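Chains W and G supply the protein sequences, listed in that same order.
In terms of this note's numbering, the first sequence opens at residue 23 and continues consecutively.
In terms of this note's numbering, the second sequence opens at residue 23 and continues consecutively.
Glycine residues also receive a C-beta, built at the ideal position from the N, C-alpha and C atoms.
If you're wondering where the values come from, they're calculated on a predicted model, not measured in any experiment.
Shown next, in structure tokens, is the structure this report addresses.
2 protein chains.
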Amino acid sequence: MHALSENTGGSAPWLDFRTEPAKYRHWTTEIDGPVARLVMAVDEDSPQAPGYELKLNSYDIGVDIELYDAVQRLRFEHPEVKAVVVTSGIDTMFCAGANIRMLGISSHAHKVNFCKFTNETRNAIEDASRHSGQTYLAALNGTAAGGGYELALATEYLMLIDDGNAAVSLPEVPLLAVLPGTGGLTRVVDKRKVRRDLADVFCTVEEGIKGKRAVQWRLVDETVPRSKFDERVKEKALEFAAESDRPDDEQGIELERLQRSEEENEIRYPFLTVTLDYEGHSATIEMQAPDEDAPSGVDEIKKQGVAFWPLAIARALDDALLHLRFNEPTLGTLIIKTSGDGARIAAYDALLDANRDDWLVREILLYLQRTCKRLDVTSRTTFAFVEPGSCFVGMLADLLFAVDRSYMLDGQLDDRPPPVIQLTELNFGSLRMANGLTRLETRFLGDEDGVANARKLIGEELDAQAAMDAGLITYAPDNIDWDDEIRLLLEERASFSPDALTGMEANLRFAGPETLETKIFGRLSAWQNWIFQRPNAAGEAGALKLYGTGKRAKYDRGRV
Amino acid sequence: MHALSENTGGSAPWLDFRTEPAKYRHWTTEIDGPVARLVMAVDEDSPQAPGYELKLNSYDIGVDIELYDAVQRLRFEHPEVKAVVVTSGIDTMFCAGANIRMLGISSHAHKVNFCKFTNETRNAIEDASRHSGQTYLAALNGTAAGGGYELALATEYLMLIDDGNAAVSLPEVPLLAVLPGTGGLTRVVDKRKVRRDLADVFCTVEEGIKGKRAVQWRLVDETVPRSKFDERVKEKALEFAAESDRPDDEQGIELERLQRSEEENEIRYPFLTVTLDYEGHSATIEMQAPDEDAPSGVDEIKKQGVAFWPLAIARALDDALLHLRFNEPTLGTLIIKTSGDGARIAAYDALLDANRDDWLVREILLYLQRTCKRLDVTSRTTFAFVEPGSCFVGMLADLLFAVDRSYMLDGQLDDRPPPVIQLTELNFGSLRMANGLTRLETRFLGDEDGVANARKLIGEELDAQAAMDAGLITYAPDNIDWDDEIRLLLEERASFSPDALTGMEANLRFAGPETLETKIFGRLSAWQNWIFQRPNAAGEAGALKLYGTGKRAKYDRGRV
Chain W
23 MHALSENTGG SAPWLDFRTE PAKYRHWTTE IDGPVARLVM AVDEDSPQAP GYELKLNSYD
83 IGVDIELYDA VQRLRFEHPE VKAVVVTSGI DTMFCAGANI RMLGISSHAH KVNFCKFTNE
143 TRNAIEDASR HSGQTYLAAL NGTAAGGGYE LALATEYLML IDDGNAAVSL PEVPLLAVLP
203 GTGGLTRVVD KRKVRRDLAD VFCTVEEGIK GKRAVQWRLV DETVPRSKFD ERVKEKALEF
263 AAESDRPDDE QGIELERLQR SEEENEIRYP FLTVTLDYEG HSATIEMQAP DEDAPSGVDE
323 IKKQGVAFWP LAIARALDDA LLHLRFNEPT LGTLIIKTSG DGARIAAYDA LLDANRDDWL
383 VREILLYLQR TCKRLDVTSR TTFAFVEPGS CFVGMLADLL FAVDRSYMLD GQLDDRPPPV
443 IQLTELNFGS LRMANGLTRL ETRFLGDEDG VANARKLIGE ELDAQAAMDA GLITYAPDNI
503 DWDDEIRLLL EERASFSPDA LTGMEANLRF AGPETLETKI FGRLSAWQNW IFQRPNAAGE
563 AGALKLYGTG KRAKYDRGRV
Chain G
23 MHALSENTGG SAPWLDFRTE PAKYRHWTTE IDGPVARLVM AVDEDSPQAP GYELKLNSYD
83 IGVDIELYDA VQRLRFEHPE VKAVVVTSGI DTMFCAGANI RMLGISSHAH KVNFCKFTNE
143 TRNAIEDASR HSGQTYLAAL NGTAAGGGYE LALATEYLML IDDGNAAVSL PEVPLLAVLP
203 GTGGLTRVVD KRKVRRDLAD VFCTVEEGIK GKRAVQWRLV DETVPRSKFD ERVKEKALEF
263 AAESDRPDDE QGIELERLQR SEEENEIRYP FLTVTLDYEG HSATIEMQAP DEDAPSGVDE
323 IKKQGVAFWP LAIARALDDA LLHLRFNEPT LGTLIIKTSG DGARIAAYDA LLDANRDDWL
383 VREILLYLQR TCKRLDVTSR TTFAFVEPGS CFVGMLADLL FAVDRSYMLD GQLDDRPPPV
443 IQLTELNFGS LRMANGLTRL ETRFLGDEDG VANARKLIGE ELDAQAAMDA GLITYAPDNI
503 DWDDEIRLLL EERASFSPDA LTGMEANLRF AGPETLETKI FGRLSAWQNW IFQRPNAAGE
563 AGALKLYGTG KRAKYDRGRV
């Protein structure tokens with residue numbers, strides 16, 4: 023534990039992303055048949071770190087960790103829930119957005135990671151609406167400002183109370199000299215298709231837009247008088263619920279607390295171990311194959327619950343990535359390894375593929391997909407090493423195409439057989455990137471036959487030469503070169519500027535089509551990161567620092 | 023002049039973008055029938071500003087201003103040129119990229135604007151290849167490093183000399199802790215479709231890749247032995263030239279020196295006047311309608327040459343935008359106005375539209391398109407004011423859809439009639455944005471009938487109410503509110519953080535599909551801007567500052 027906390031770089035203490043409803047301070051989930059209400063009532067006295075109060079339903083990373091957990095539980099624990107209404111437990115204020123004082127005192131790294139995580143959670147909300155039959159609506163029973171409106175934008179239907187006061191707004195530019203950085207700008211013009219000049223007006227009006235004009239400008243879908251608000255929200259939620267294909271008569275599975283144990287330089291989860299190398303500025307994530315054969319069918323999967331290997335490994339990888347991102351900023355290289363019996367993984371993949379229409383199997387595949395996306399946008403170099411004893415098969419083979427480079431031993435290091443990799447059906451459509459393509463489609467953008475050739479190899483054990491020939495790995499050093507090559511690779515990578523690597527990787531990872539998600543992580547986040555560095559926002563006399571002090575920021579007027 | 027130079031913000035002295043071959047110090051154009059050779063031989067003793075030498079064909083803004091001029095002249099002055107070979111006049115070095123010492127001593131603003139201009143010039147090269155029948159090839163007779171390789175990437179065919187030494191490389195990340203920011207990362211994975219893991223390797227290998235491997239990785243199209251290089255280049259150029267639809271038997275028109283006169287707070291061009299308001303942090307660009315009727319046909323257009331109004335106004339607007347961008351950084355708001363007889367503009371538009379297949383008319387339309395794109399990516403707020411006496415018709419009406427907001431007077435201010443605007447055929451396909459859509463298509467992304475409705479209005483004089491009803495303007499204040507509204511608007515805008523506005527506008531302006539160009543200006547440039555602010559690159563101990571001193575940069579290892 024000691025080594026971990028010493029290496030913490032953010033402004034907040036070591037963050038734990040595991041939580042459960044009994045521990046929530048800010049959110050409650052109320053379930054009424056097919057409709058859930060997710061109610062935000064932030065406890066202003068429970069900030070994640072000292073130094074600010076969470077007034078007016080403003081949020082920090084702690085509030086968002088609960089939201090993320092609640093969204094996950096609604097998917098897995100409540101198959102019967104087909105529509106989710108996000109609303110506020112505070113009168114007249116839906117949500118005031120990210121806490122400004124918190125942003126003002128946070129390190130650059132924490133601001134960037136905070137925005138990335140909130141973005142991922144909002145993308146997960148859209149993912150539930152679009153792919154899980156669990157449609158989110160925003161019941162704006164008060165003003166939705168900044169990040170509050172951005173949260174609402176992540177739902178599919180926005181209802182604003184018409185009480186003469188409640189407005190939606192993105193006041194970041196006029197008030198704080200930063201961007202609405204949680205997808206707001208992108209979703210306004212690209213998802214809701216607000217006309218760009220009206221979007222410009224909207225984003226510079228501190229007090230926001232309300233009433234009929236908010237509907238005319240497409241900022242919300244409807245306004246409803248206070249007297250009819252609850253009734254209309256319920257009606258609309260039931261309407262969306264009626265379109266869902268989720269089952270009525272099934273039990274969910276409980277997301278029991280994720281097991282994790284920390285020792286010096288090692289974190290252990292079921293089926294996953296993280297080893298921390300502070301000297302080498304790297305962390306190794308080793309994922310282990312199932313320790314028993316795949317169950318016989320969906321009933322058995324449901325009995326296993328969180329112990330079901332694909333779900334267990336998704337949860338472990340998800341937590342490990344978040345932990346490394348927030349708590350281990352100096353470990354710039356993530357090394358992916360695997361170990362165990364790859365044949366078992368192929369059997370699990372086949373089971374998932376055969377039952378992809380089952381609600382739970384669908385959830386598990388979507389969760390694996392979201393977790394791999396989290397790896398894609400992680401601002402660390404990612405390498406995969408394919409060594410003897412490894413099991414890069416199917417869903418784990420997809421990690422070979424997620425990382426920046428992969429190295430596969432051509433031959434033996436000891437008496438174990440040379441490593442092999444293996445593709446399964448899951449590599450061809452179940453695990454899409456933010457750009458909407460599979461990782462193999464992205465990889466082979468320049469090679470028309472690449473994907474078709476790879477498809478023909480499904481089920482085959484591919485040694486290093488076969489994997490090289492199929493374009494599935496980057497390099498295949500032999501046993502004489504292996505150790506040196508790996509050592510030099512890691513030393514070299516650790517010698518480069520962390521910032522330059524982050525920018526380079528962010529630009530190389532997402533070739534091909536663009537989507538709302540890639541725009542948010544690519545364009546919007548990069549601009550936000552830039553602004554978070556600019557003295558006009560983050561300097562001692564910047565707007566973000568001075569907010570609430572009564573002092574007015576003084577801007578350098580030079581346009582860049 | 024005095025006020026202008028006092029307000030210069032970049033590290034360089036006041037930049038003039040007008041030049042001509044007789045004044046070139048770094049480039050020569052050699053024309054041999056349908057093939058031109060554009061030869062780079064940078065004079066190391068002629069940097070744009072003191073403090074660095076332009077060794078090894080490295081470039082600064084001065085070198086790129088000449089390149090831009092040369093590219094323009096090849097299009098307009100040489101209809102017979104159908105292929106352009108970019109090559110080097112220095113043995114063993116094609117181009118070493120942007121001068122590093124220059125970057126090290128430049129202000130953040132200059133670095134950003136320098137990259138933007140070089141990006142625009144490379145996009146113009148691609149535009150010539152794709153739309154003008156003038157295909158660019160790169161004859162890499164020596165190493166192409168960094169920006170040198172990025173210049174080559176902007177051509178359609180890369181030929182690398184196979185002499186055992188010549189390589190292509192993007193060494194920015196390992197060497198300088200910045201990104202290849204002139205489109206390199208994007209073009210590698212999205213244009214040339216280099217596999218992303220190979221791209222990762224390529225971008226971290228200082229010495230680059232040469233020979234067969236460069237072809238296998240798709241980094242170049244072929245390698246050619248020294249003995250056959252010139253012959254093969256010519257052969258390939260002729261091959262591309264044979265596909266061109268440019269005429270053999272026409273004269274070009276000479277791009278005579280653009281007339282410009284500067285007085286205190288005013289710059290005058292033919293048909294365009296810029297008024298500078300340092301106190302209000304704005305500049306007004308007033309564009310004037312033609313002072314005579316449209317000529318009768320293409321022969322007359324060719325006789326008029328640069329005096330032909332659409333070409334004259336494109337040249338003036340182009341220069342004015344570049345001047346304001348580089349030399350007037352504190353003028354954060356650009357106001358677009360027009361004056362004169364709109365009926366004449368409609369006639370010019372009709373003439374262009376009727377002759378769009380003529381090589382020169384095509385060039386003029388493409389130039390107008392590129393100039394409007396330059397406005398789109400200008401990091402200033404842009405407003406248009408439609409007042410009595412204005413002529414927002416056709417190509418000038420497109421500016422109403424390019425700006426962040428437009429205000430149109432509803433009624434009269436004096437005895438002149440209320441203003442009207444008018445659409446022409448040119449608003450529906452001739453002036454596309456970087457996203458590939460027309461400005462009206464982008465504007466009406468959320469309104470299925472918007473473009474079709476607008477099309478029905480072609481030729482009609484639309485008053486403020488009609489323009490509002492059609493969604494063509496943002497606001498239509500009446501004469502009682504006009505002055506106050508405009509004053510408050512400008513004051514408000516000038517009170518916001520320049521950086522936040524830049525980021526906001528960059529995110530709102532390009533809704534809809536993404537292209538190579540939008541990726542370069544959106545994602546890549548934003549990341550580059552961020553990195554240009556990071557201490558690891560630009561700090562006193564950053565790699566960019568220390569390059570060439572023998573000292574090694576010390577990096578903050580925190581990943582963000």
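Item to check | As assigned by DSSP and simplified to three states, the class of residue 281 of chain G | outcome: Translated into the one-based positions of the second sequence, residue 281 of chain G becomes position 259. In the three-state reduction of the DSSP assignment, residue 281 of chain G falls in the coil class.
Item to check | Three-state secondary structure assigned by DSSP to residue 632 of chain W | outcome: As shown, chain W starts at 23 and ends at 582. That puts residue 632 of chain W outside it, with no answer to give.
Next on the checklist: To be precise: take each residue of the stretch 293-308 of chain W, compare its Cβ to all Cβ atoms of chain G, and keep it if any distance is under 7 Å. Which residues remain?
Outcome noted: Of all residues in the stretch 293-308 of chain W, 303 have a Cβ within less than 7 Å of some Cβ in chain G.
Checklist entry - Taking the alpha-carbon positions, what's the residue 205 of chain W to residue 487 of chain G distance? => result What you label residue 205 of chain W is simply residue 183 of the first sequence in a count that begins at 1. What you label residue 487 of chain G is simply residue 465 of the second sequence in a count that begins at 1. Linking residue 205 of chain W to residue 487 of chain G through their CA atoms gives a straight-line distance of about 34 Å.
Next on the checklist: Rounded to whole angstroms, what is the Cα-Cα separation between residue 49 of chain W and residue 193 of chain W?
Outcome noted: In the first sequence, the residue the question calls residue 49 of chain W occupies position 27. In the first sequence, the residue the question calls residue 193 of chain W occupies position 171. Rounded to whole angstroms, residue 49 of chain W to residue 193 of chain W spans 24 Å at the Cα level.
Item to check | Residue span of the alpha helix (DSSP H) that contains residue 169 of chain W, given as start and end | outcome: Sequence index remark: in the first sequence, residue 169 of chain W carries index 147 (1-based). Residue 169 of chain W -> alpha helix (DSSP H) spans 169-175.
Next on the checklist: Can you confirm whether residue 526 of chain W, when its beta carbon is compared against all beta carbons of chain G, has any partner nearer than 8 Å?
Outcome noted: Position 504 of the first sequence, counting from 1, holds the residue named residue 526 of chain W. Judged by the 8 Å Cβ criterion, residue 526 of chain W is in contact with chain G.
Checklist entry - What is the residue span of the alpha helix (DSSP H) that residue 91 of chain W lies within? => result Mapped onto the first sequence, residue 91 of chain W falls at position 69. First-last of the alpha helix (DSSP H) with residue 91 of chain W: 83-99.
Checklist entry - Are the C-beta atoms of residue 352 of chain G and some chain W residue less than 8 Å apart? => result To locate residue 352 of chain G, count along the second sequence from 1; it is residue 330. Taking Cβ atoms only, chain W reaches closer than 8 Å to residue 352 of chain G, which makes this a yes.
Checklist entry - Touching or not, the stretch 364-378 of chain W and the stretch 318-333 of chain W, by the rule of three or more beta carbon pairs under 8 Å? => result Short answer: they touch.
Item to check | As assigned by DSSP and simplified to three states, the class of residue 131 of chain G | outcome: As a working note, residue 131 of chain G is residue 109 in the second sequence. Here residue 131 of chain G sits in helix by DSSP.
Checklist entry - If you check the beta carbons only, do residue 541 of chain W and residue 208 of chain W fall under 8 Å apart? => result For the purposes of this step, residue 541 of chain W is taken as the residue at position 519 of the first sequence. For the purposes of this step, residue 208 of chain W is taken as the residue at position 186 of the first sequence. Contact flag set, yes.
Checklist entry - Are the beta-carbon atoms of residue 343 of chain W and residue 396 of chain W separated by less than 8 Å? => result Numbered from 1 along the first sequence, position 321 holds the residue referred to as residue 343 of chain W. Numbered from 1 along the first sequence, position 374 holds the residue referred to as residue 396 of chain W. Their beta carbons are under 8 Å apart, which means residue 343 of chain W touches residue 396 of chain W by this criterion.
Next on the checklist: What does DSSP give as the partner residue(s) for residue 360 of chain G in the beta ladder?
Outcome noted: Numbered from its first residue, the second sequence carries residue 360 of chain G at position 338. Under DSSP, residue 360 of chain G forms a beta bridge with G/309.
Checklist entry - DSSP beta-bridge partners for residue 218 of chain W? => result For the purposes of this step, residue 218 of chain W is taken as residue 196 along the first sequence, with counting starting at 1. According to DSSP, which records beta bridges pairwise, residue 218 of chain W is partnered with nothing at all.
Item to check | residue 426 of chain W versus residue 419 of chain W: straight-line alpha-carbon distance, rounded | outcome: The residue labelled residue 426 of chain W in the question sits at position 404 within the first sequence. The residue labelled residue 419 of chain W in the question sits at position 397 within the first sequence. Their Cα atoms are separated by approximately 14 Å.
Item to check | Proximal chain G residues relative to residue 550 of chain W, where beta-carbon distance stays under 8 Å | outcome: The sequence position of residue 550 of chain W within the first sequence is 528, counting from 1. Chain-ordered, the chain G residues with CB closer than 8 Å to the CB of residue 550 of chain W read 525.
Next on the checklist: Which complete beta strand (DSSP E) runs does the stretch 186-270 of chain W hold, if anything under 3 residues is left out?
Outcome noted: Here the runs fully enclosed are 189-191 and 244-247.
Next on the checklist: Count Cβ pairs between the stretch 533-551 of chain W and the stretch 558-577 of chain G that sit closer than 8 Å; are there 3 or more?
Outcome noted: In the pairwise beta carbon analysis, the stretch 533-551 of chain W is classified as not touching the stretch 558-577 of chain G: fewer than three pairs are separated by under 8 Å.
Checklist entry - Nearest CA to the CA of residue 451 of chain W: which residue from W/345, W/504, W/490 and W/390? => result The residue given as residue 451 of chain W occupies position 429 in the first sequence. The shortest C-alpha separation from residue 451 of chain W is found at W/390.
Next on the checklist: Nearest by alpha-carbon distance to residue 320 of chain W: which of W/500, W/376, W/571 and W/210 is it?
Outcome noted: Within the first sequence, numbered from 1, the residue matching residue 320 of chain W stands at position 298. Cα-wise, what sits closest to residue 320 of chain W is W/376.
Item to check | Members of the stretch 456-477 of chain G near chain W, C-beta cut-off 9 Å | outcome: Here the close residues are 464, 465, 466, 467, 468, 469 and 472.
Item to check | Beta carbon proximity, residue 130 of chain G to chain B, threshold 8 Å | outcome: Among the chains of the structure shown, chain B does not appear; the protein chains present are W and G.
Checklist entry - Within the 8 Å Cβ cut-off, does residue 235 of chain W reach chain G? => result For the purposes of this step, residue 235 of chain W is taken as the residue at position 213 of the first sequence. With 8 Å as the cut-off, residue 235 of chain W does not count as an interface residue toward chain G.
Next on the checklist: I'd like to know if residue 518 of chain G contacts chain W, where contact means its C-beta is closer than 8 Å to some C-beta of that chain.
Outcome noted: Taking the first residue of the second sequence as 1, we reach residue 518 of chain G at position 496. Yes, contact with chain W.
Checklist entry - Along chain W, in chain order, which residues have C-beta atoms closer than 8 Å to that of residue 555 of chain G? => result In the second sequence, counting from the first residue as 1, residue 555 of chain G sits at position 533. Simply 552, 555 and 556.
Item to check | Beta-carbon spacing of residue 103 of chain W, residue 56 of chain W below 8 Å | outcome: The residue you call residue 103 of chain W lines up with position 81 of the first sequence. The residue you call residue 56 of chain W lines up with position 34 of the first sequence. Yes, Cβ-Cβ distance for residue 103 of chain W and residue 56 of chain W is below 8 Å.
Checklist entry - Under 8 Å between C-beta atoms, does residue 33 of chain W make it to chain G? => result Walking along the first sequence from the start, residue 33 of chain W turns up at place 11. Confidence is the limiting factor: at residue 33 of chain W the pLDDT is only 40, short of 50, which leaves the residue's position unreliable, though a coordinate-based value still follows. So, not an interface residue.
Item to check | Stretch-stretch touch, CB-based, cutoff 8 Å, three pairs: the stretch 58-69 of chain G with the stretch 104-116 of chain G | outcome: Yes, the stretch 58-69 of chain G is in contact with the stretch 104-116 of chain G.
Item to check | Helix, strand or coil at residue 556 of chain G [DSSP, three-state] | outcome: The residue you call residue 556 of chain G lines up with position 534 of the second sequence. Residue state, collapsed to three classes: coil.
Checklist entry - Looking only at its own chain, which residues have a Cβ that is under 6 Å from the Cβ of residue 122 of chain W, when we skip the five neighbours before and after it? => result Here residue 122 of chain W corresponds to residue number 100 of the first sequence, with the count starting at 1. Answer for residue 122 of chain W: 569, listed in chain order.
Next on the checklist: Quick check on the DSSP output: the alpha helix (DSSP H) that includes residue 60 of chain W runs from which residue to which?
Outcome noted: The residue given as residue 60 of chain W occupies position 38 in the first sequence. Taken as a continuous stretch (DSSP letters only), residue 60 of chain W belongs to no alpha helix (DSSP H), being part of the beta strand (DSSP E) at 57-62.
Item to check | Sufficient close CB pairs (3 or more, under 8 Å) joining the stretch 478-487 of chain W to the stretch 430-450 of chain W | outcome: With the cut-off at 8 Å, the stretch 478-487 of chain W and the stretch 430-450 of chain W touch.
Checklist entry - Taking the C-alpha atoms as reference points, what is the distance between residue 97 of chain G and residue 118 of chain G? => result Taking the first residue of the second sequence as 1, we reach residue 97 of chain G at position 75. Taking the first residue of the second sequence as 1, we reach residue 118 of chain G at position 96. Cα atoms of residue 97 of chain G and residue 118 of chain G: separation of roughly 26 Å, rounded to the nearest angstrom.
Checklist entry - Taking DSSP as the reference, what is the three-state secondary structure of residue 143 of chain W? => result The count along the first sequence starts at 1 and reaches residue 143 of chain W at position 121. Correct three-state label for residue 143 of chain W: helix.
Item to check | Any C-beta of chain G under 8 Å from that of residue 179 of chain W | outcome: Here residue 179 of chain W refers to the residue found at position 157 when the first sequence is read from its first residue. Judged by the 8 Å Cβ criterion, residue 179 of chain W is not in contact with chain G.
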